[in-house]
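Structure, as structure tokens:
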Amino acid sequence: MTDPTPKIRLHLAAPLEAGAEVRLAPEQAHYLMGVMRLGPGAEVAVFNNASGEWRGRLAPTAKRAASLEILARTRPAALPLDVDLLFAPIKKARTDFIVEKAAELGARRIRPVLTRFTNAERVNRERLQAHAVEAAEQCGGIYVPEVAEPETLARALEDWPAGRRLMFCDEARDAPPAHEALRGLPRGEPWAILIGPEGGFSAEERARLKAAESSLAVSLGPRILRADTAAAAALTIWQSVLGDWS
Numbered sequence: 011m012t013d014p015t016p017k018i019r020l021h022l023a024a025p026l027e028a029g030a031e032v033r034l035a036p037e038q039a040h041y042l043m044g045v046m047r048l049g050p051g052a053e054v055a056v057f058n059n060a061s062g063e064w065r066g067r068l069a070p071t072a073k074r075a076a077s078l079e080i081l082a083r084t085r086p087a088a089l090p091l092d093v094d095l096l097f098a099p100i101k102k103a104r105t106d107f108i109v110e111k112a113a114e115l116g117a118r119r120i121r122p123v124l125t126r127f128t129n130a131e132r133v134n135r136e137r138l139q140a141h142a143v144e145a146a147e148q149c150g151g152i153y154v155p156e157v158a159e160p161e162t163l164a165r166a167l168e169d170w171p172a173g174r175r176l177m178f179c180d181e182a183r184d185a186p187p188a189h190e191a192l193r194g195l196p197r198g199e200p201w202a203i204l205i206g207p208e209g210g211f212s213a214e215e216r217a218r219l220k221a222a223e224s225s226l227a228v229s230l231g232p233r234i235l236r237a238d239t240a241a242a243a244a245l246t247i248w249q250s251v252l253g254d255w256s
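So the sequence shown is numbered by my numbering: it starts at 11 and just counts up by one.
As structure tokens, this is what we get:
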């Protein structure tokens, strides 16, 4: 009996439908045949945001090349709840961690923002997008969040869309605990979560955030968290109170 949900999963950008043949990128073919040691006829799960998840059958076409025959859909496409993660980039490995955990924890969009005290030389959006893809492949998700180009925090606030709430994680810790502040609020509304840089927000940034009509200042507890820890904690709390964990 064919397993409807193979354990090995790949994100494919190509449209997926029964009977289609999708040529794999060289690194994907190497992963399946060279790393995972799969042979002809082996089945894997493939997915993308538009098509959902499907079973695919491996067909090597050369020593280091292969294609997949798309068989049957196992899960339809589905958007996660509408929550963005905004964060100030930090050191490379910790920024990678933030993106990976945001994808695993169900963020719909990942948005790097540059604050006054942001301490990062540059942001490689393509590399971060690849990390989001890998996280979705490994966690069983069928949606890969988009990693946006970096923008300044000031610009993000200037262009803030009406109706999107902003959970501002205030390192000053004089705000109510996040789970208490969120409890009782309507579910299903668009949200964003903002995590500051290692040096914290400037006085001007913090004042602007607290004054914004859409902003909800919250505390992440009695300890000072690293920015990468704070991002995972904030998304976890939001998902447990207003998201798909409850």
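Quick reminder that beta carbons are idealized off the backbone N, C-alpha and C, glycines included.
### Task
Rank Val143, Val157 and Ala158 by C-alpha distance to the C-alpha of Gly151 and give the top, closest one.
Val143
### Task
Would you kindly check if the distance between the Cβ of Ala146 and the Cβ of Tyr153 is under 8 Å?
yes
### Task
Mind reading off the beta-carbon distance from Val157 to Ile120? Whole number of angstroms is fine, and I expect it under 8 Å.
5 Å
### Task
Could you check the C-alpha separation between Leu68 and Met43 for me, to the nearest Å?
9 Å
### Query
If you scan the stretch 73–122 from start to end, which runs of the beta strand (DSSP E) of 3 or more residues do you find wholly inside it?
75–85 and 93–97
### Query
Can you name the start and end residues of the alpha helix (DSSP H) that His21 belongs to?
Taken as a continuous stretch (DSSP letters only), His21 belongs to no alpha helix (DSSP H), being part of the beta strand (DSSP E) at Arg19 to His21.
### Query
Sorted by chain position, which residues of the same chain lie with C-beta nearer than 6 Å to Ala113's C-beta, five sequence neighbours on each side aside?
Ala142, Ala145, Ala146 and Pro155
### Message
Beta-carbon within less than 7 Å of Asn129's beta-carbon, same chain only, minus the 5 sequence neighbours each way: which residues are those?
### Response
Ile100, Pro207, Glu208 and Gly209
### Query
What's the C-alpha gap between Ser77 and Trp170?
43 Å
### Query
Just curious, the beta strand (DSSP E) that Leu176 is in, first and last residue?
Arg175 to Cys179
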